[in-house]
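Residue numbers (my numbering): 10 to 133.
Cβ coordinates follow ideal geometry from the N, Cα and C atoms, glycine included.
Small disclaimer: the values here were computed from a predicted structure and weren't measured.
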Amino acid sequence: GGNIEPIRGTWDQFLRQFGDTNLHFLSYWETLGKTDADELLRGGKRLPDNMPGHAQEFETAIAMAKFPENVRADALADQPDRSPALATAEQGNEWFERVTGRLVKFVGEVIDGQRQSETPPYHP
């Protein structure tokens with residue numbers, strides 16, 4: 010999550026080098042918006058500033074839904090940040106469904122040519 014800006018810088022280089030190719034970069038959480046947060050987050054933290062929030066409600070919910078064996082439920086209650094304790098597997102499944110549905114739509118639009126990448130300017 011926290012490596013987006015270095016990736017974007019490198020991505021711009023790819024776009025310049027492979028300008029004839031329709032390349033895109035999209036982090037999964039960029040498919041989500043304030044409405045999603047209002048509907049699903051119970052801890053009061055809202056998109057985009059507090060999302061996904063490392064090991065907070067959002068990520069914890071997805072982990073509970075998709076790989077619960079890796080969630081240390083006993084540690085949730087003993088944290089200064091109470092938001093992870095609000096997460097549920099049901100909530101994580103809903104996040105996962107929304108994200109995957111929107112990623113599928115995005116990739117389909119790239120394949121169909123509805124989304125075209127723009128080559129960033131180069132200033133030597």
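In this structure, the CA atom of Pro-93 is about 26 Å from the CA atom of Glu-14. The beta carbons of Leu-49 and Glu-103 sit closer together than 9 Å.
Fewer than three Cβ pairs drawn from the segment 37-45 and the segment 70-80 lie within less than 8 Å of each other, which leaves the two stretches out of contact.
Spanning the alpha carbons of Asp-47 and Asp-21 requires a straight line of approximately 33 Å. The Cβ atoms of Arg-124 and Asn-31 lie closer than 9 Å to each other. Taking the C-beta atoms as reference points, Leu-95 is found no nearer than 9 Å to Leu-35.
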